[in-house]
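Asks: Okay, here's the structure, questions in a sec.
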Ligand code: AP5
Ligand code: MG
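In the numbering used here, the protein residues as written are 236 to 470.
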């Protein structure tokens, strides 16, 4: 029987070449955009084509919260409030992750970097070939976030209306019935997260535009069309 999740209460409207810890051909991609833009959705769809593993700082932080590590306890206060977790915590997580075997040819960052200090740190860790900005108007975001659910087994992302599972309560990818809502997916937190995006993250667009590696994709379309356009940019 499918796990039932709680009903939602949602009514609000150039390559920077620096030293790499691995091989010299290591080149990463950044998926950039506001909360709910579809970064996670698209990362899962282009992973096979790019051959790069998805590295989501949000997923890493949620795993740390679940495991009750010191990082998780520290991060939870910020995540619950819809604020960015401090840069030193995030940069330490990424430095560790990038040392893993599957990252030796680069990774696909999802939700990192989100501040200028994070982007500076990234430039000293790995080369970035493309920053893909998935652009979605603010007024679409609340509906997307409040209808989201994810698979607890394989992290596939779904939506009550826009992208439901084929069989109610069963993950399309792994058949798990462990479908969950995220703790920070509520209307109040979404507004704080959007505020943090506009104040602290969106200024990074200019930074990457000046390097000639920033690609804007209209994210307010069908999921398949967005995937097609991202793959065209990465070709
Ligand atoms: P994180 O987990 O990264 O959350 P986020 O950036 O807020 O982004 P989301 O995961 O909410 O959205 P998404 O773009 O992945 O969209 P999705 O594909 O799921 O971060 C959570 C928190 O951790 C932060 O608030 C912060 O506290 C902390 N944190 C994380 N990284 C940090 C960092 N680097 N620095 C500091 N703090 C950090 O899609 C959303 C929904 O829309 C889904 O239901 C999906 O099915 C649906 N959907 C997707 N595409 C479409 C489409 N084209 N049309 C209709 N519906 C769609
Ligand atoms: Mg995500």
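Note that CB positions come from ideal geometry on N, CA and C, so glycine has one too.
Using the three-state DSSP reduction, which class does residue 284 fall into: helix, strand or coil?
Replies: Looking at residue 284 - three-state DSSP - the assignment turns out to be helix.
Asks: Which residue comes first and which comes last in the beta strand (DSSP E) that contains residue 291?
Replies: 289–291
Asks: Taking the runs of the beta strand (DSSP E) that are 3 residues or longer, which of them lie wholly in the stretch 355–400?
Replies: Taking only runs of at least 3 residues, the beta strand (DSSP E) segments lying wholly in the stretch 355–400 are 362–370, 383–386, 392–394.
Asks: So is the beta-carbon of residue 390 under 7 Å away from any non-hydrogen atom of ligand 2?
Replies: Incorrect: residue 390 has no Cβ contact closer than 7 Å to ligand 2.
Asks: Is the stretch 418–434 in contact with the stretch 444–457, if contact means three or more CB pairs nearer than 8 Å?
Replies: no
Asks: Can we count residue 353 as close to ligand 1, meaning its CB is less than 7 Å from some heavy atom?
Replies: yes
Asks: Cutting at 7 Å between CB atoms, please list the residues of its own chain near residue 390, excluding the five before and the five after it.
Replies: The beta carbon of residue 390 lies closer than 7 Å to those of 294 in the same chain, with the five residues before and after it left out.
Asks: Would you kindly work out how many angstroms separate the C-alpha atoms of residue 301 and residue 311, rounded to a whole number?
Replies: Those two C-alpha atoms are separated by around 10 Å.
Asks: Give me whichever residues DSSP pairs with residue 264 in a beta bridge.
Replies: 343, 365
Asks: On a CA-only basis, which of 441, 335, 380, 351 is nearest residue 323? Give me that one, please.
Replies: The shortest C-alpha to C-alpha distance from residue 323 to any of 441, 335, 380, 351 is the one to 351.
Asks: Taking 7 Å as the limit between beta carbons, can you name the residues of its chain near residue 373, skipping five residues before and five after?
Replies: 429
Asks: Answer with buried or exposed for residue 291, where buried requires no fewer than 16 other C-beta atoms within 10 angstroms of its C-beta.
Replies: buried
Asks: Is there at least one Cβ from chain D nearer than 8 Å to residue 450's Cβ?
Replies: Considering every chain present, this structure includes no chain D. It has just one protein chain.
Asks: What are the boundary residues of the beta strand (DSSP E) that includes residue 451?
Replies: 449–453
Asks: By Cβ distance, which residues of its chain are closer than 7 Å to residue 330, with the 5 residues on each side in sequence left out?
Replies: So the qualifying residues of the chain are 360.
Asks: Any chance the CB of residue 274 is under 7 Å from a heavy atom of ligand 2?
Replies: The closest heavy atom of ligand 2 lies less than 7 Å from the beta carbon of residue 274.
Asks: Going by the DSSP bridge assignment, what does residue 402 pair with across the sheet?
Replies: 405
Asks: In whole angstroms, what separates the C-alpha of residue 282 from that of residue 262?
Replies: 14 Å
Asks: Please state the DSSP three-state secondary structure of residue 467.
Replies: helix
Asks: If I'm right that residue 343 touches residue 287 with Cβ under 8 Å, what's the distance once you round it to whole angstroms?
Replies: With a Cβ gap of about 4 Å, residue 343 and residue 287 count as contacting.
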